[in-house]
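Student: Listed in order, the protein sequences are those of chains A and B.
Using the UniProt record's numbering, the letters of the first sequence map in sequence onto residues 1 to 327.
Using the UniProt record's numbering, the letters of the second sequence map in sequence onto residues 1 to 218.
The C-beta atom is built at its ideal place from N, Cα and C for all residues, glycine as well.
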Amino acid sequence: MIPFQYVKPSKPKAAIDTVAKDQTAMFIAGGTNLVDLMKRDVLNPEKLVDINKLPLRKIERENGTVRIGALALNGAVAEDKLVLEKHPLLSQALNAGASAQLRNMATVGGNMMQRVRCPYYYDTAMPCNKREPGTGCSAIEGYNRMHAIFGHSDKCIAVNPSDMNVALVALDAVVLVSGPKGDRKIPFGEFHRLPGDTPHIHTNLQQGELIMAVDVPENPYTKNVHYLKVRDRNSYAFALVSVAAALDLDGSNIKSARLAMGGVAHKPWRLQEAEQFLAGKPANEATFRQAAEVAMRGAKAFEHNQFKLKLGPNTIVQALKNAAGAV
Amino acid sequence: MPQDKFPDQHLPEGEGGQAQHSDARRTFLKQSSLLTALALAPPAALKAAELKFEEKVAAVFEQVKVTLGINGKKQKLSIEPRTTLLDLLREQLHLTGTKKGCDYGQCGACTVHVDGQRVLSCLTLAAMADGKEITTIEGLANGDKLHPMQEAFIKHDGFQCGYCTPGQIMSAVACIKEGHADSDDEIREYMSGNICRCGAYPNIVNAIKEVKNGGHKV
Chain A
1 MIPFQYVKPS
11 KPKAAIDTVA
21 KDQTAMFIAG
31 GTNLVDLMKR
41 DVLNPEKLVD
51 INKLPLRKIE
61 RENGTVRIGA
71 LALNGAVAED
81 KLVLEKHPLL
91 SQALNAGASA
101 QLRNMATVGG
111 NMMQRVRCPY
121 YYDTAMPCNK
131 REPGTGCSAI
141 EGYNRMHAIF
151 GHSDKCIAVN
161 PSDMNVALVA
171 LDAVVLVSGP
181 KGDRKIPFGE
191 FHRLPGDTPH
201 IHTNLQQGEL
211 IMAVDVPENP
221 YTKNVHYLKV
231 RDRNSYAFAL
241 VSVAAALDLD
251 GSNIKSARLA
261 MGGVAHKPWR
271 LQEAEQFLAG
281 KPANEATFRQ
291 AAEVAMRGAK
301 AFEHNQFKLK
311 LGPNTIVQAL
321 KNAAGAV
Chain B
1 MPQDKFPDQH
11 LPEGEGGQAQ
21 HSDARRTFLK
31 QSSLLTALAL
41 APPAALKAAE
51 LKFEEKVAAV
61 FEQVKVTLGI
71 NGKKQKLSIE
81 PRTTLLDLLR
91 EQLHLTGTKK
101 GCDYGQCGAC
111 TVHVDGQRVL
121 SCLTLAAMAD
131 GKEITTIEGL
141 ANGDKLHPMQ
151 EAFIKHDGFQ
161 CGYCTPGQIM
171 SAVACIKEGH
181 ADSDDEIREY
191 MSGNICRCGA
201 YPNIVNAIKE
211 VKNGGHKV
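(1) Taking DSSP's pairing of strands, which residues face Leu249(A) in a bridge?
(2) If you compare alpha carbons, which of His147(A), Glu46(A), Met38(A), Ala96(A) is closest to Ala301(A)?
(3) Within a Cβ cutoff of 6 Å, which residues of the same chain sit near Ile70(B), ignoring the five residues on either side of it in sequence?
(4) CB Asp185(B) to CB Lys209(B), shorter than 9 Å?
(5) Looking only at its own chain, which residues have a Cβ that is under 7 Å from the Cβ of Val211(B), when we skip the five neighbours before and after it?
(6) What runs of the beta strand (DSSP E), each 3 residues or longer, lie entirely inside the stretch 19-88 of chain A?
(7) Taking Cβ positions only, does Pro3(A) come closer than 9 Å to chain B?
(8) Closer than 6 Å by C-beta to Val7(A): which residues in its own chain qualify, once you throw out the five before and the five after it? Chain order, please.
(9) Report the residues of the stretch 22-35 of chain A with a CB closer than 7 Å to any CB of chain B, ordered along the chain.
(10) Out of Ser252(A), Lys267(A), Gly298(A), Asp250(A), state which residue places its alpha-carbon closest to the alpha-carbon of Glu273(A).
(11) So, does the CB of Gly105(B) fall closer than 9 Å to a CB anywhere in chain A?
(12) With Gly182(A) as the anchor, note down where its beta strand (DSSP E) starts and where it stops.
(13) Could you tell me which chain A residues have their CB closer than 7 Å to the CB of Asp111(B), listed as they occur along the chain?
(14) Would you list, in chain order, the members of the stretch 89-120 of chain A that have their beta-carbon closer than 8 Å to a beta-carbon of chain B?
(15) Could you tell me whether any Cβ in chain B is nearer than 9 Å to the Cβ of Lys81(A)?
(16) Any C-beta of chain A within less than 9 Å: which residues of the stretch 115-129 of chain B qualify?
(17) Quick test of the definition: if touching needs 3 or more C-beta pairs under 8 Å, does the stretch 203-211 of chain A touch the stretch 122-136 of chain A?
(18) Using the C-alpha atoms, what's the distance from Arg145(A) back to Glu303(A)?
(19) Which stretch, first to last residue, makes up the alpha helix (DSSP H) that contains Leu309(A)?
(20) Would you say residue 220(B) lies against chain A (beta-carbon separation less than 9 Å)?
(21) So the candidates are Pro3(A), Ser252(A), Leu168(A); which of them puts its Cα closest to the Cα of Ala78(A)?
(22) Can you tell which of Leu146(B), Tyr201(B), Pro166(B) has the C-alpha that lies nearest to the C-alpha of His216(B)?
(23) Could you work out which residue in Ala181(B), Gly214(B), Ile154(B), Glu178(B) is closest to Ala200(B) when comparing CA atoms only?
(24) Cβ atoms of Lys100(B) and Asp115(B): under 9 Å apart, would you say?
(25) Do the stretch 79-86 of chain B and the stretch 116-127 of chain B meet, that is, are 3 or more Cβ pairs less than 8 Å apart?
(26) Since I believe Val264(A) is in contact with Gly312(A) (beta carbons under 8 Å), could you give me their beta-carbon distance rounded to a whole number of angstroms?
(27) Check whether the Cβ atoms of residue 332(A) and Phe4(A) lie closer than 9 Å to each other.
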C-alpha cells in the first residue's frame, strides 16, 4: 500500500469537491473492497476521502419509494423492517452476500462500486485490460470458470460480483448521485457498464460524483420473490450464477414478473424479454422453463464456464418455482 | 509533526474536515519516487530538489491522531493512515489475541467488535475507527473469569490449533447477540465468515448452542 492522505469532511459538497479536483483521490466508505485492493497495489489512491461523517445512513419512505442512504450498511438494510416489508427480495440478496462481519462494514453505495473479483484483475503480475488498459485479457484464454456468458467483449470477460445489485436492477431502483455539476438520477440498469473497449471504466459515475442514496420504488413484488444463489460452498462465496425472481400473481397466473441474473455479466443482468414472456402465463414449470430459454438467448461461454449455460436456466427455473411458492 | 503545521488547504473553504496530511507531503512522495531520475539530473536542478526534499521529509512521518476505546479503556494514539485496526492492535498495542489470517477479509480470524458490531479488523483502517469502542478477545473475560463462550469452546473442543479461535469466539458472541443462533443451520450460516482449517465446526456449533440455550449473558 502506498502512503496516502486521509481526510474526513463532514459535508457532501466538501467531499465531492475534493475528489472532483483530484484524479488521485477516492471516496472510502466501508473499505471492504478498497482496502483490499490497496493492499494488493491494484488501486493506489493518494488521497482517501472518508465519507462516514456524511448524513447518508437513513432508510425511509419517500414519495412511493424506499429511499436507502448510500452509507446504510448492508446488514442493516437486510434486516430493516421497511425493506423486509416492501422489498424482501433486496433483503434476501443482501443476506446472500459476503459474511456477517463484512455486511456490518459494507455500505450500499460501496457495494455498487465494488470491483470485479476476476483473479487476473487482482494479480498485478498478469495482464489485465481493466487494471492496465491495452495489456490484454488473461481470462479469455485463462482460467475463466467464474466469468461472463453475457455482454463480454474481447477486452474483458469479468463479472460484477454483487448480489445486492441483482435485486436492485430487478426492482427498477434509481441511483441518486451528487457531483461537481449538480445532482442527477441514474436508472440502476444504466449505472454499471458492459466492458466493451473500455473495461477500465468501471461504472458510469464521473470523477467526483458521489452516490447519495438508492430509491427502490414500491411495487407489487412483496410476497412471491426469491433470490437464489448457486456457489461452490453453501455460504460466504461469490455466485457462480444467481437469480433474483419476483412475481405478481393472480391466483396461479402471472400478472407481471421481474427477473435478473448475477455472476453472468459485467453488470447485473436484467432479463426483460423473459419477464415479458412470463406476463399473462400460468405460473408453472413449463412456463418457467420456456422463460429460461428466452433468458439464455445469446449466451456465449468460454473454456471453463460452459456449465453456466446449463446452470443458468436451471437456476432461473428453480428461483421462479421458489418465488411462486406452492403454485 | 504538529497537526496544525499545514492548514486544511486541500479541503474547500469553510469545511471543518480533519486534515491530517498536507498536499506538500504528497508532492514529496511524487518527488521521492523520482529519485532515480534526480540522480541523473544536472547538479543545479538536483540541488533545488534536495532543498525541497529536506523541507518536506518530516511530513512523511505525519500521523493521524485518534482516540479509541480499547476493551473499555480510552487510548489516545498517533497512527499512520495506512495502519489497519488489526496491525494497530497487534503491533502497537501488543494485543496479539486478535489473529492475522489472510489479511484480505476472507478468513475472519481478525474479527473484533466495533461499537458492539462484529467487523474485520484487517480491512478497517484504524484512522476510520476514531472515537469508536473496540472489543477484542482480550476484553471478553472478566479478570480471571472466562466469558461463557470461552468456557463453552473449551468444554466442547471448539478448536484444535487455536489460530481461528479468537475470531470464532468474537463472531460467536455477536451471532447470539444479533439473534442469529436459533438453529444449527442459522448458526452455520451466520458463522460462515470464520474459516477453521482444522474443521472444528461441529464443536463450534455445539459451543454456541450451549451458550445460547444456557441463557448466559453474552
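Tutor: According to the structure data:
(1) For Leu249(A), which the question treats as bridged, DSSP gives the partners Ile254(A).
(2) Closest by alpha carbon: His147(A).
(3) Within the same chain, Ile70(B) has close Cβ partners Ile134.
(4) In this structure, Asp185(B) sits away from Lys209(B), with a CB-CB distance that is not shorter than 9 Å.
(5) When the five nearest sequence neighbours on each side are left out, the beta carbons in the same chain lying within less than 7 Å of the beta carbon of Val211(B) are those of Pro148, Met149, Ala152, Ile176, Val218, in order along the chain.
(6) For the stretch 19-88 of chain A, whole beta strand (DSSP E) runs of length 3 or above, ordered along the chain, are 25-28, 47-50, 59-62, 65-69.
(7) Pro3(A) counts as touching chain B.
(8) Contacts found: Val49.
(9) For the stretch 22-35 of chain A, the set of residues with a beta-carbon nearer than 7 Å to any beta-carbon of chain B comprises Gly31, Thr32, Val35, in chain order.
(10) Here the closest residue by C-alpha is Gly298(A).
(11) Proximity of Gly105(B) to chain A, defined by a Cβ-Cβ separation below 9 Å, is satisfied.
(12) Gly182(A) -> beta strand (DSSP E) spans 182-187.
(13) According to the sequence as given, residue 111(B) is Thr; it is not Asp. By Cβ distance, chain A contributes Gln101.
(14) Residues of the stretch 89-120 of chain A with a C-beta less than 8 Å from any C-beta of chain B: Ala98, Ser99, Ala100, Gln101, Leu102, Asn104, Met105, listed in chain order.
(15) No, Lys81(A) does not count as interfacial toward chain B.
(16) From the stretch 115-129 of chain B, only Gln117, Arg118, Val119, Leu120, Cys122, Leu123, Thr124, Leu125, Ala127, Met128 have a Cβ closer than 9 Å to chain A.
(17) Too few Cβ pairs lie closer than 8 Å, so no.
(18) Here the C-alpha atom of Glu303(A) lies approximately 8 Å from the C-alpha atom of Arg145(A).
(19) Per DSSP, Leu309(A) belongs to the alpha helix (DSSP H) from 308-324.
(20) Limits of chain B in this structure are 1 at one end and 218 at the other, which puts residue 220(B) out of reach.
(21) For Ala78(A), the closest of Pro3(A), Ser252(A), Leu168(A) by C-alpha to C-alpha distance is Leu168(A).
(22) Closest by alpha carbon: Leu146(B).
(23) If you compare the alpha carbons of Ala181(B), Gly214(B), Ile154(B), Glu178(B) with that of Ala200(B), the shortest gap goes to Ile154(B).
(24) Not in contact: Asp115(B) and Lys100(B) (Cβ atoms no closer than 9 Å).
(25) Judged by pairs of C-beta atoms under 8 Å, the stretch 79-86 of chain B touches the stretch 116-127 of chain B, as three or more such pairs exist.
(26) In this structure Gly312(A) is in contact with Val264(A), their Cβ atoms being roughly 6 Å apart against a cut-off of 8 Å.
(27) Because chain A here runs from 1 to 327, residue 332(A) falls outside it and cannot be looked at.
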